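Asker:
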Amino acid sequence: MKKTVVALLIGSIILAPLCAGGSKENAAPAKKTEIMISAAASLKNCIQDLSAMYTGKNPQVTITANFGASGALQQQIEQGAPADVFFSAGIKQMNALKEKGMMIDSSVKNILENKVVLITPKNAAALDFFEDLAKSSVKKIGVGEPKSVPVGQYTEQIFQNLGLTDKVASKLIFAKDVREVLSWVETGNVDAGVVYETDAEISKDVTICSTAPEGSHKKVIYPIGVVKASAHAAEAQKFVDFLFSDAAKEVFARYGFTVISK
42 MKKTVVALLI
52 GSIILAPLCA
62 GGSKENAAPA
72 KKTEIMISAA
82 ASLKNCIQDL
92 SAMYTGKNPQ
102 VTITANFGAS
112 GALQQQIEQG
122 APADVFFSAG
132 IKQMNALKEK
142 GMMIDSSVKN
152 ILENKVVLIT
162 PKNAAALDFF
172 EDLAKSSVKK
182 IGVGEPKSVP
192 VGQYTEQIFQ
202 NLGLTDKVAS
212 KLIFAKDVRE
222 VLSWVETGNV
232 DAGVVYETDA
242 EISKDVTICS
252 TAPEGSHKKV
262 IYPIGVVKAS
272 AHAAEAQKFV
282 DFLFSDAAKE
292 VFARYGFTVI
302 SK
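Its first residue numbered 42, the sequence shown is counted upward by one per residue in our numbering.
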């Protein structure tokens, strides 16, 4: 009888850790936190790289990006579309959300600066200045829609300051975002286009003809911040903080952005 009891006790001691181990192995994997970032179309390439860098070191997080015109993204957030982080190509759109109490104010910071350039298809005759857009040889000019696309707003300012508004009005073809302008120029669907320098730099099919003269438009500033309705505000802030790190700054610089110190 004693032998039987001892045997049962030993068996229970051996089985206990095995059962514990078995329950660990069968446990469901921890659910990842999904951070949703609404970012300007001009940020697509660098955000894809930076998201991969961040999730590589933070495997418990996944990042889903929604790229488009900053004005369109602003409207989506206003209408309740899910977003944890808003990364705009213009201060105007960020301020609109702040004024409506839709951003965590303390999280909003200016992070990048860009330039506006005039481009033509690679094999086309290059233009020397923005003023050349008034020439009869230029039939179609691709620009961002001013109501929703920041680069379109900067373009409007440039044309006004250079006295080109009336001269080029009939030639303008409006795009939904800056990348659409770029694609039109790449394919030769327009004779010229106005985009950010960083967009032009990633394309082998366009020529940068001219940089917008200093003072011809407001500075191109990119602000970033956490959306107040975020379900993961703490994790979203960690990702925003990462974008101000030295490693992230190197990526932004590689794509031609000027980084503004935090």
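All residues carry an ideal CB built from backbone N, CA and C; glycine is no exception.
Quick caveat, the model's predicted, so the values are computed rather than measured.
Can you tell me which of the three DSSP states glycine 112 falls into?
Answerer: Reduced to three states, the DSSP call for glycine 112 is helix.
Asker: Just how far apart, CA to CA, sit glycine 193 and valine 281?
Answerer: Roughly 26 Å separates the two Cα atoms.
Asker: Three or more C-beta pairs under 8 Å: does that hold for the segment 200–217 against the segment 170–182?
Answerer: Judged by Cβ distances under 8 Å, the segment 200–217 makes contact with the segment 170–182, as three or more pairs qualify.
Asker: If you count every other CB in all the chains shown that lies within 10 Å of the CB of alanine 216, and 16 or more means buried, which is it?
Answerer: Counting Cβ neighbours within 10 Å, alanine 216 comes out buried, since at least 16 surround it.
Asker: Would you please state the rounded distance, in angstroms, between the beta carbons of valine 267 and aspartate 125? I believe it to be under 8 Å.
Answerer: Valine 267 to aspartate 125, Cβ: 7 Å. Contact.
Asker: For the alpha helix (DSSP H) containing asparagine 136, name the first residue and the last one.
Answerer: Counting along the chain, the alpha helix (DSSP H) containing asparagine 136 begins and ends at 132–140.
Asker: Taking C-alpha atoms, which residue in Cys87, Ser83, Asn99 lies nearest to alanine 277?
Answerer: Ranking the options by Cα distance to alanine 277, first place goes to Asn99.
Asker: Name the residue from Lys176, Ala233, Glu238 whose alpha carbon lies nearest to the alpha carbon of lysine 208.
Answerer: Of the candidates Lys176, Ala233, Glu238, the one whose C-alpha sits nearest the C-alpha of lysine 208 is Lys176.
Asker: Name the DSSP bridge partner or partners of lysine 266?
Answerer: In the sequence on display, residue 266 carries glycine and not lysine. In DSSP, glycine 266 forms a bridge with Phe127.
Asker: Evaluate proline 254 with the Cβ neighbour count: other Cβ atoms within 10 Å of its Cβ, from every protein chain shown; 16 or more gives buried, anything less gives exposed.
Answerer: With fewer than 16 Cβ atoms within 10 Å of its Cβ, proline 254 is classed as exposed.
Asker: For the beta strand (DSSP E) containing phenylalanine 215, name the first residue and the last one.
Answerer: From DSSP, the beta strand (DSSP E) with phenylalanine 215 extends over 213–216.
Asker: Indicate whether tyrosine 296 and asparagine 136 have their beta-carbon atoms separated by less than 8 Å.
Answerer: Cβ atoms of tyrosine 296 and asparagine 136: not closer than 8 Å.
Asker: Note down the Cα distance separating aspartate 232 from glycine 142, rounded to an integer number of angstroms.
Answerer: Aspartate 232 and glycine 142: Cα-Cα distance of roughly 42 Å.
Asker: Taking glycine 97 as the reference, give the member of Phe283, Asp246, Lys156, Lys290 with the closest Cα.
Answerer: Answer by Cα proximity: Phe283.
Asker: Using a Cβ distance threshold of 8 Å, determine whether the segment 156–167 contacts the segment 108–124, with at least three qualifying pairs required.
Answerer: No, they do not touch.
Asker: Name the residue from Leu223, Ile145, Gly234, Ile88 whose alpha carbon lies nearest to the alpha carbon of histidine 273.
Answerer: If we check each option's Cα against that of histidine 273, Ile145 comes out closest.
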